[in-house]
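Participant:
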Amino acid sequence: MTLGVRFVKNAGLVLSKPLSIILLLIYLGQTAFMVYVLNDRHNQDLFIQEQQKKIGELEEKLKIFKIIEDFQVGFNTEEVGKLTAVVFSESENYGYHPLLLLALIKTESSFRQGQESIYGAQGLLQVKPSVGQDVANRSQLQWKGEKPLFDSEFNIRVGSLYLFELILKFQDVKKAIIAYNQGEGSLRLKLESGQVLPKLFYQRFVHNYNFLKARYDQISVDKI
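If you read the sequence shown in our numbering, its first letter stands for residue 104, the second for the next number, and so on.
Okay, structure coming up:
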């Protein structure tokens, strides 16, 4: 017997029991180490991905904040921060690019607090009370007080949901935007009668979207 290894005729290599145990322990140790390394790398990858996600969200919120801050009329810094949070969350909820909501707000109300049209549409997203209450009643949004649509955060939540419903109904963002401004019933009548769809509001919306994208899309954390 040499070095804990013995040869058996026609039986191949056979390890002695002590050496077998040692090799088994080495194997288990190496396996455990590899599992640790792989898990550690996996955890590192997850950590990096999580940090990248947080940086991306921070950059998006910074962009939203900057846009609202630059165009708002009548809001203080704390209110701008709250509007930033609700625009971001509603964009996440419905899969919007935040610029879509911001361009719609700019087109509808120019970010003016307490805006009300001659047709009775109210707030940043210019929602009519009849439409807003209907949307709220069919969702978990609570319609409180006499004029809840002048609560800008609530207004954005109602308007975002209403736009999402229109997108689902018309299966077309352009038609949904037009219906948002003209009214769902009005657009359906035009479609059924073959009339030319109104262009002015949608063109203004697209212009505002492209303007905001060109001006603010490069904002990032490292440029603060």
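All C-beta atoms, glycine included, are put in the ideal place defined by N, C-alpha and C.
#1: Should Leu303 go down as buried or exposed, given a rule of 16 or more other Cβ atoms within 10 Å for buried?
#2: Between the C-alpha atoms of Ile270 and Glu287, what's the straight-line distance to the nearest angstrom?
#3: Helix, strand or coil: how does DSSP classify Arg144 here?
#4: Is Ser242 near Ser194, with beta carbons less than 9 Å apart?
#5: Name the residue from Ala188, Phe257, Ala224 whose alpha carbon lies nearest to the alpha carbon of Lys164.
#6: Around the Cβ of Ala279, are there at least 16 other Cβ atoms within 10 angstroms (buried) or fewer (exposed)?
#7: Which whole-angstrom value is the C-beta distance of Val190 and Leu204, which I expect to be below 8 Å?
#8: When you compare the CB positions of Lys185 and Ser255, do they come within less than 9 Å of one another, or not?
#9: Going by beta carbon distance, what residues of the same chain come within less than 8 Å of Ala114, once the five residues before and after it are set aside?
#10: With DSSP as the reference, label Arg241 as helix, strand or coil.
#11: Taking the CB atoms as reference points, tell me whether Glu216 and Leu227 lie closer together than 9 Å.
#12: Pop quiz: Asn258 and Val230 are said to be a contact at Cβ under 8 Å. What is the actual Cβ separation, rounded to whole angstroms?
#13: Suppose the cutoff is 8 Å on Cβ atoms and the five residues either side in sequence are ignored; what does the same chain contact list for Ile171 look like?
#14: Go to Gly262, then tell me how far its alpha helix (DSSP H) extends in each direction, as first and last residue.
Facilitator: So, from the listed chains and residues:
#1: Here residue 303 refers to the residue found at position 200 of the sequence shown. Result: exposed.
#2: Your numbering for residue 270 matches position 167 in the sequence shown. Your numbering for residue 287 matches position 184 in the sequence shown. The alpha-carbon separation between Ile270 and Glu287 amounts to approximately 11 Å.
#3: Indexing the sequence shown from 1 puts residue 144 at position 41. Assignment of Arg144 by DSSP, reduced to helix, strand and coil, places it in the helix class.
#4: On the sequence shown, residue 242 is found 139 positions in, with the first residue counted as 1. On the sequence shown, residue 194 is found 91 positions in, with the first residue counted as 1. For Ser242 and Ser194, no; Cβs fall outside 9 Å.
#5: Looking up residue 164 in the sequence shown gives position 61. Taking the Cα of Lys164 as reference, the smallest distance to any Cα among Ala188, Phe257, Ala224 is reached at Ala188.
#6: Reading the sequence shown from its first residue, position 176 is the one you call residue 279. Buried: at least 16 other Cβ atoms inside 10 Å.
#7: Taking the first residue of the sequence shown as position 1, residue 190 is located at position 87. Taking the first residue of the sequence shown as position 1, residue 204 is located at position 101. Contact flag correct, Cβ pair sits at about 5 Å.
#8: In the sequence shown, residue 185 corresponds to position 82, counting from 1. In the sequence shown, residue 255 corresponds to position 152, counting from 1. With a cutoff of 9 Å on beta-carbon distance, Lys185 and Ser255 are scored as near each other.
#9: Within the sequence shown, residue 114 is the residue found at index 11, counting from 1. Below a pLDDT of 50, predicted positions are generally treated as unreliable, and Ala114, at 44, falls in that range; no measurement from the model is reported.
#10: Taking the first residue of the sequence shown as position 1, residue 241 is located at position 138. Reduced to three states, the DSSP call for Arg241 is coil.
#11: To locate residue 216, count along the sequence shown from 1; it is residue 113. To locate residue 227, count along the sequence shown from 1; it is residue 124. Per the sequence shown, residue 216 should be read as Gln rather than Glu. In contact: Gln216 and Leu227 (Cβ atoms closer than 9 Å).
#12: Stepping through the sequence shown from its first residue, residue 258 is reached at position 155. Stepping through the sequence shown from its first residue, residue 230 is reached at position 127. 6 Å between Cβ atoms; contact.
#13: Here the question's residue 171 lines up with position 68 in the sequence shown. Cβ neighbours of Ile171 within its own chain (closer than 8 Å, five residues either side excluded): Phe178, Val183, Leu186, Thr187, Val190, Leu205, Phe214.
#14: Numbered from its first residue, the sequence shown carries residue 262 at position 159. 255-273 is the span of the alpha helix (DSSP H), which, as asked, contains Gly262.
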